[in-house]
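Residue numbers (numbering that gives the first Met the number 0), protein chains in the order written: chain U, 0 to 147; chain Y, 0 to 185. Right, one structure below, let's go through it.
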Amino acid sequence: MTPELSKNIKGLISKKPSNWLKDAEFYELNKDWLDKSALIAVKILSALRIQSLSQKDLAERIDVSPQYINKVLKGKENLSLSTICKIEKSLSISLIAVPSFQISQVIEGSFEYFPYIISRNNSQLFASEKSEYDSNSNFSNLEECIVA
Amino acid sequence: MEFVRIFDDQDSLLTVKYDGQDEDEFTKIFDQWTDIEYLDNFFTTNEVDLNRPFWEEVTVEQAIIETRREALKFREHLKRISLRPENERISLFKRLFKPLSPAEVDLPFWNKKKIYGLRKKTWLRLYAIKIGDDMFIVTGGTIKLTDNMEERTHTKDELRKLESCRDYLKTLGTSDEESIIELIEL
Chain U
0 MTPELSKNIK
10 GLISKKPSNW
20 LKDAEFYELN
30 KDWLDKSALI
40 AVKILSALRI
50 QSLSQKDLAE
60 RIDVSPQYIN
70 KVLKGKENLS
80 LSTICKIEKS
90 LSISLIAVPS
100 FQISQVIEGS
110 FEYFPYIISR
120 NNSQLFASEK
130 SEYDSNSNFS
140 NLEECIVA
Chain Y
0 MEFVRIFDDQ
10 DSLLTVKYDG
20 QDEDEFTKIF
30 DQWTDIEYLD
40 NFFTTNEVDL
50 NRPFWEEVTV
60 EQAIIETRRE
70 ALKFREHLKR
80 ISLRPENERI
90 SLFKRLFKPL
100 SPAEVDLPFW
110 NKKKIYGLRK
120 KTWLRLYAIK
130 IGDDMFIVTG
140 GTIKLTDNME
150 ERTHTKDELR
160 KLESCRDYLK
170 TLGTSDEESI
180 IELIEL
């Protein structure tokens, strides 16, 4: 590059640095909730498309501004549980799920389960939830709550 | 138009900030690639191209998630390169830039370049003008779903940006190679 070209280009370089590195660092520090926020936005946009609704319709349904919905749909908003629940209800969709609370207890000795006939000689874990031992539940579900 | 340092004090990698824009092109493109609403709008508008067999029947939702994931890794990759010692950094960057088209391979100066995203089948592209041996100016980037840039408005816009940046740079002076050629012609 000629000195003239180099000098002219350098003369046009902004004193303000690029923001990309700041954005990258912000993501690194907040990636746990940002990744969830992005997936939530994908799901909301998909529901809006399927139900032929606009962002404005959703804003009206949950009584917020269209600008706020637009921010949410960028997938970069730290959403409150209250907002998530309102959106879930208004679109009849599920956005987040919390694993159900389980209490387990180790019982020594052998155990037999009917009608699947599972027996263990040493120990058996019981889950507190009735559904997991319901005769209608399938074998794989039952296996999930049995940890040898 | 002004130039913005991407991270390098030696000014080997710059980007453009167009008049009236809030952000430089490098920051803007990574912001778009991680903006779910932007991506949803883009892939729904270009769903016909997304349905080409080459992209293996990816849905709009999958395309959005994959684009964001790849863009974040891509940005992290560039950030890691930026932390390397100067000589290594410049040589790694030079390797990332590929000629925009076969016609650009043999051009002695003002080459149009592109950088591919990280996936084997990637639609992410950054575009740049190479000046001299060690300077690159990123003019923009996009999601390219078709074979040729002339096929779609958003890729044609990137070609126009490359052209206008190159034309502008030419008004600022000549490259070394041009000077040598001018001397030979004299």
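Beta carbons are placed, not taken as given, at the ideal position from N, Cα and C, and that holds for glycine.
The beta strand (DSSP E) with residue i in it runs from where to where?
i: Leu158(Y); result: Note, Leu158(Y): premise wrong, no beta strand (DSSP E); alpha helix (DSSP H) at Thr152 to Leu171.
i: Gly140(Y); result: Met134 to Ile142
i: Val57(Y); result: From DSSP, Val57(Y) is part of no beta strand (DSSP E); its letter is neither H nor E.
i: Lys27(Y); result: Taken as a continuous stretch (DSSP letters only), Lys27(Y) belongs to no beta strand (DSSP E), being part of the alpha helix (DSSP H) at Glu24 to Trp32.
Using only the alpha-carbon positions, how far apart do residue i and residue j sit?
i: Lys113(Y); j: Leu4(U); result: 22 Å
i: Asn121(U); j: Phe100(U); result: Because Asn121(U) carries a pLDDT of 45, less than 50, the predicted location of this residue cannot be relied on, and no value is offered for it.
i: Leu38(U); j: Glu87(U); result: 14 Å
i: Pro2(U); j: Leu99(Y); result: 27 Å
i: Glu103(Y); j: Asn110(Y); result: 6 Å
i: Glu75(Y); j: Thr14(Y); result: 18 Å
i: Met148(Y); j: Arg51(Y); result: 16 Å
i: Thr82(U); j: Asp34(U); result: 17 Å
i: Thr145(Y); j: Arg151(Y); result: 8 Å
i: Ala40(U); j: Asn69(U); result: 10 Å
i: Leu29(U); j: Tyr37(Y); result: In the sequence as presented, Leu is not what sits at residue 29(U); that position holds Asn. One C-alpha to the other measures close to 21 Å.
i: Thr173(Y); j: Met0(Y); result: 18 Å
i: Pro65(U); j: Glu55(Y); result: 35 Å
i: Tyr17(Y); j: Lys129(Y); result: 18 Å
i: Asp21(Y); j: Lys119(Y); result: 33 Å
With residue i and residue j assumed to form a contact (beta carbons below 8 Å), what rounded beta-carbon distance in angstroms separates them?
i: Arg68(Y); j: Ile80(Y); result: So it is not a contact: roughly 19 Å between Cβ atoms.
i: Ile142(Y); j: Phe29(Y); result: That belief does not hold up - the Cβ atoms of Ile142(Y) and Phe29(Y) are roughly 12 Å apart, past 8 Å.
i: Gly140(Y); j: Leu125(Y); result: 4 Å
i: Gly74(U); j: Ile35(Y); result: 4 Å
i: Leu123(Y); j: Ala62(Y); result: Their Cβ separation, rounded to whole angstroms, is 12 Å, which puts Leu123(Y) and Ala62(Y) out of contact at 8 Å.
i: Ile12(U); j: Asp10(Y); result: 7 Å
i: Leu44(U); j: Leu72(U); result: 6 Å
i: Pro16(U); j: Arg165(Y); result: That pair is no contact at about 24 Å.
i: Leu57(U); j: Ser89(U); result: 7 Å
With DSSP as the reference, identify every bridge partner of residue i, one or two as the case may be.
i: Ala46(U); result: Bridge partners of Ala46(U): none, in fact.
i: Lys129(Y); result: Asn110(Y) and Phe135(Y)
i: Phe2(Y); result: Ile12(U) and Val15(Y)
i: Pro98(Y); result: Lys112(Y)
i: Leu123(Y); result: Ile142(Y)
What does residue i touch in chain U if you count any residue whose Cβ is under 8 Å from its own?
i: Val3(Y); result: Ile12, Ser13, Lys15, Pro16 and Ser17
i: Lys16(Y); result: Ser13
i: Arg67(Y); result: Ala37 and Gly74
i: Ile130(Y); result: Met0, Leu4 and Ile8
First and last residue of the alpha helix (DSSP H) that includes residue i?
i: Tyr67(U); result: Pro65 to Leu72
i: Lys88(U); result: Leu80 to Leu90
i: Thr44(Y); result: Ile35 to Thr44
i: Arg60(U); result: Gln54 to Arg60
Residue i touches chain Y at which residues, Cβ-Cβ below 9 Å?
i: Glu3(U); result: Leu171, Gly172 and Thr173
i: Asp22(U); result: Thr26, Phe29, Asp30, Thr33 and Arg74
i: Asn69(U); result: Glu36
Find the residues of chain U that neighbour residue i, judging by a C-beta separation of less than 9 Å, and give them in chain order.
i: Phe6(Y); result: Pro16, Ser17, Trp19 and Leu20
Mind listing the chain Y neighbours of residue i? Cutoff is C-beta to C-beta under 7 Å, in chain order.
i: Tyr26(U); result: Leu71
i: Ile8(U); result: Phe2 and Leu171
i: Lys73(U); result: Asp34, Ile35 and Glu36
Who are the neighbours of residue i on chain U, taking C-beta pairs under 7 Å?
i: Ile63(Y); result: Val41
i: Glu60(Y); result: Val41 and Ser45
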